[in-house]
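Residue numbers (our numbering), protein chains in the order written: chain A, 14 to 317; chain B, 97 to 317.
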């Protein structure tokens, strides 16, 4: 059983060179940076239930190519403050505050999963802030969501509603369950089965805190996986054709529990002029973690 | 003037639930419109309700907490109302504008506790419409009024909150199918937004006056 975080390392992983905080309308957002502060900025947005330190291998590769890599923990994630409320619009505002804290000039942005979908909307809303957009499995597609019969949909909605409201009633006392590094890694591994135990155990040491009862993930215990509300996957995809800066979309070919399952043809049909889709064989949803050097090479080529 | 205010907790937010009139029987729960606050006494058009009358200040409104950093959306306000239901038990809901939409969501979410919902005109009825608006990321809002509410972020975000008609209709269907009521929702206002048009078209939804709706729902178990 491992209890000391310093004992856990991962090949190629490097802690950020700088960490600071940005105020976003009263909420404190944790910002992590790799590379020379005077270098041109390159922003990375993580996915849902992740945190900026999941870029501990990927970000240094970009930084070592001459970039100031800036990432941040979404509200309620990592070291950012736990908020009373969480919403897509609030995440977008937090993102702009972080970007504004670095530059007002257009800069490259890479987003993974939820971060990819968020940055797609950001590029649509504030195109003057984005020079290049890189989307890593962050393009939810309508076709990847199964059709269900009406009566089944009614039943599913009833379960979803009751489950969500019951969850809300229990939030006041909610806490993340404590455990050892190995236990937390195993829990995360159930949703990230393609990632190695070694990597997941490393993530515990940078994404969880140690208290007398054990390790607990830092993420706000009131948050649940998946969204709730009227959001539809096609509302993200419909923004892709709008984008006027160079777009690179990256998909892994392997299915993954946290992946969108978006078929490449759905991306191809929505790419803006000059946009490019690259599929990487043998990688799942966390393509930048499974194949960091390949994705970094594509990203650097895209912004060169 | 309200005779009592109860403070309830929904996650990190303290909510103010006001007792406008005490009494026996099922309560009528008043939900205000966007930017409004609970009335201090029972509005005249609701006076015919035979039981107690309560009013809830939604997050960012009236005496309830403001959500630091914002992030308002209607489903989380449904959680506010559900927090009130945990305190009051079964109720009939009267909602104005935003409160009408949140009342509809709650009727679909807790059909065993909501014994009729009255949707009425008021601020915030339309929300952000049936489809996502052009993308827009505001960086600041005007300072809040003295007392801190209504939170200007709440007003901004809840006027952009997307309300697809088929999504709203699915809540009306839940309310009717799972409440056991012949009529679960009464639409009493003049205005018809796209989501409200879809709700009106559902079985178990009636259009009538507020007085008729109060009589109808006062008679159900």
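Using N, Cα and C, we set each Cβ at its ideal position, and we do this for glycine too.
Query, Result
"Just checking: is the beta-carbon of residue 218(A) within a distance shorter than 7 Å of some beta-carbon in chain B?", "no"
"Report, in whole angstroms, the separation of the C-beta atoms of residue 216(B) and residue 306(B), which I expect to be a contact under 8 Å.", "7 Å"
"Tell me the DSSP bridge mates of residue 32(A)?", "45(A)"
"Report the start-end ranges of each alpha helix (DSSP H) in the region 170-244 of chain A that is 4 residues or longer and not cut off at the edges.", "194-204 and 210-220"
"Candidates 117(B), 152(B), 119(B) and 166(B): which alpha carbon is nearest residue 133(B)'s?", "152(B)"
"So, are the CB atoms of residue 253(A) and residue 283(A) less than 7 Å apart?", "yes"
"So, for residue 90(A): in the same chain, excluding its five sequence neighbours on each side, which residues have a beta-carbon less than 6 Å away from its beta-carbon?", "64 and 232"
"Within its chain, find whatever has a CB closer than 7 Å to the CB of residue 144(A); leave out the 5 residues flanking it on each side and keep chain order.", "119, 120, 121 and 258"
"Determine the closest residue to residue 111(A) out of 79(A), 33(A), 140(A) and 186(A), with distance taken between C-alpha atoms.", "33(A)"
"Figure out for me which residue from 161(B), 165(B), 178(B) and 257(B) has the closest Cα to the Cα of residue 326(B).", "As shown, chain B starts at 97 and ends at 317. That puts residue 326(B) outside it, with no answer to give."
"Can you tell me whether DSSP reads residue 190(B) as helix, strand or coil?", "strand"
"What is the DSSP secondary structure of residue 317(A), reduced to helix, strand or coil?", "coil"
"According to DSSP, which residues form a beta bridge with residue 148(A)?", "124(A) and 262(A)"
"Can you list the residues of chain A that residue 317(B) reaches, using a CB-CB cut of under 9 Å?", "Simply none; closest approach about 21 Å."
"Quick check: the Cα distance between residue 291(A) and residue 313(A), rounded to an integer number of angstroms?", "14 Å"
"So with Cβ pairs under 7 Å, would you call residue 108(B) a contact of chain A?", "yes"
"Express the C-alpha separation of residue 154(B) and residue 104(B) in angstroms, rounding to a whole number.", "11 Å"
"Sort out for me which residues DSSP pairs residue 105(B) with in a bridge.", "110(B)"
"Would you list the residues sitting across from residue 58(A) in a DSSP beta bridge?", "85(A) and 124(A)"
"Report the option in 249(A), 234(A), 303(A) and 287(A) whose CA atom is closest to the CA atom of residue 136(A).", "249(A)"
"Give the residues from the region 105-132 of chain B that approach chain A closer than 9 Å (Cβ to any Cβ), ordered along the chain.", "105, 106, 107, 108 and 109"
"State the CB to CB distance for the pair residue 165(B) and residue 128(A), rounded to an integer number of angstroms; the pair is presumed to be in contact (CB under 8 Å).", "Wrong, their Cβ atoms sit about 18 Å apart, outside the cutoff."
"My output table needs one value for residue 23(A): the three-state DSSP class, helix, strand or coil.", "coil"
"DSSP three-state call for residue 221(B): helix, strand or coil?", "coil"
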